[in-house]
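The sequence shown: position 227 = 227 (full-length UniProt numbering), numbered continuously.
Virtual Cβ for every residue (Gly too), placed ideally from N, Cα, C.
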Amino acid sequence: MAATAKMATRALRATPMASTIRPAARRVAVPRQAFQRQARRGYASEAPKPSGGSNTALIGGLAAVAFAGLGYYTLGGNAESLKQGSAAQGQKGSATFSPSKEDYQKVYDFIAKKLVDEDDYDDGSYGPVLLRLGWHASGTYDKETGTGGSNGATMRFPPEGDHGANAGLVAARDFLEPVKQAFPWISYSDLWTLAASCAIQEMGGPDIHWRPGRQDRDVSYCTPDGRLPDGSKGNDHLRAIFHRMGFNDQDIVTLSGAHALGRCHTDRSGFEGPWTFSPITLTNDYYKLLLSEKWSHRKWAGPVQFQDNGSKTLMMLPTDMALVKDKAFRPVVERYAKDQDEFFTDFSRVITTLFELGVPFTTGEDARMVLKRTE
Ligand code: HEM
């Protein structure tokens, strides 16, 4: 990519715009090049691929289904990967290979380097879409039936990969495919949550306490459509979706703070634009902007979404606005707007729970690890 764009991206990373809510200051701080890049890049207007994932993933998945019939798949992702060959990078070449923290750190470092190297995407980073992949893999969990969740990585298969809510996530899955090739011993489901944790840390977020142990599953474990939230709805819908996963009202507000990152794409969700002026740096700006800006219905042909009256470049979904309208949600928004540390502490805890939903760990919580972020 162009050297200037790389420099812009680096400058953006080095300058977390945590307090950019005053219009004048904000206009100076806006990573304009990053936003303009979005407009001139072909990617955002490309139709998503019809399949649920890359061909490699799909073929792997179909093979997995075949193996499942032989009982092979019950070995789980990591054990299964071990059988696939022992010459992989990071693998010790032994049938009893059991990855250590050091091995997971190598995977982390590989992803972190890819994030820096491949910055010709959206606002300069795949970080937001990697986080969204980890969230959508996990957010299908249903506490009543114990189905769904991050165990399985079933979004590799068309039924789930093609669900409307997952549109565009093929970009994240394809980004991670070379990582899986380099470290075949890691399950896709561990890889996706590890990558999301890496993305959070590399985008300036809190330490994430991540634990391995997820097993890839076959297509029969795909969850039905409709388990992920619909941005066009309101507070009742948010409660129905997140309480089903086992979260409470406060957790809904905590997790929504991830919308400090990334953007909406018309060819994916139909909505358009970023929530904050620093979409590749995790801050509490989402909460600050929700409260400090005046938000009006955007006049356009697309679905109902809100636009800030100040710059008219930011957006909020109806579900985002529900957080300031609802009496129980709003005080939490106010607390996080005042105190980024409190948001970070809660976000780290709740996202750890999210990424562990539905996983039959054989280890305890003491197996959680914080992988070292890039200096
Ligand atoms: C509260 C209910 C939620 C709704 C209705 C919602 C809806 C959406 C929508 C419509 C998009 C735009 C997708 C696109 O067009 O590319 C999006 C993007 C995103 N969401 Fe959410 N989301 C919710 C919760 C969450 C949670 C819990 C997280 C993570 C913890 C999250 C992380 C993200 C990220 C990082 C993006 C940006 C992706 C990108 O830039 O490609 N969201 N969300």
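| Query | Result |
| --- | --- |
| Check: Thr122 C-beta below 7 Å from any heavy atom of the ligand HEM | Rather than Thr, the amino acid found at residue 122 in this sequence is Asp. Indeed, a heavy atom of the ligand HEM lies less than 7 Å from the Cβ. |
| Beta carbon of Asp249 nearer than 8 Å to that of Phe329 | yes |
| Cβ-heavy atom distance, Val129 to the ligand HEM, below 7 Å | yes |
| Cβ neighbour criterion (16 or more within 10 Å) applied to Ala240 | exposed |
| Unbroken stretches of the beta strand (DSSP E), 3 residues or longer, contained in the stretch 158-213 | none |
| Top-ranked residue by Cα proximity to Gln340, from Ser189, Thr276, Lys288 | Lys288 |
| Candidates Pro206, Val129, Trp135: closest to Glu189 by CA position | The question names Glu, but residue 189 is Ser in the sequence shown. When only C-alpha atoms are compared, the closest one is Trp135. |
| Boundaries (first-last residue) of the beta strand (DSSP E) holding Phe347 | Not the beta strand (DSSP E): Phe347 falls in the alpha helix (DSSP H), residues 340-355. |
| Cβ separation of Ala172 and Leu133, assumed to be a contact under 8 Å, to the nearest whole Å | 4 Å |
| Any non-hydrogen atom of the ligand HEM within 7 Å of Ala258 CB | yes |
| Residue interval of the beta strand (DSSP E) (run including Trp295) | 295-297 |
| Under 8 Å between C-beta atoms of Ser187 and Arg214 | yes |
| Three-way DSSP call (helix, strand, coil) for Pro279 in this model | coil |
| 7 Å Cβ shell around Lys372 - same chain, five flanking residues per side excluded | Gln105 |
| Beta-bridge partners of Gly273, as assigned by DSSP | Cys264 |
| Backbone CA spacing between Ala253 and Ile208 [nearest angstrom] | At residue 253 the sequence reads Val, which differs from the Ala that was named. Between Val253 and Ile208, the C-alpha separation is close to 18 Å. |
| Among Phe277, Arg244, Lys312, Glu177, nearest to His259 - alpha-carbon criterion | Phe277 |
| Between the CA atoms of Thr353 and Asp103 - distance to the nearest angstrom | 23 Å |
| Distance cut-off 7 Å: Ile111 Cβ against heavy atoms of the ligand HEM | no |
| DSSP three-state assignment for Phe329, whether helix, strand or coil | coil |
| Residue-chain proximity (Ile200, chain D), Cβ-Cβ < 8 Å | Although the question refers to chain D, the structure presented lacks it and comprises just one protein chain. |
| Option nearest Leu314 by Cα separation, candidates Leu169, Ala196, Trp210, Phe271 | Phe271 |
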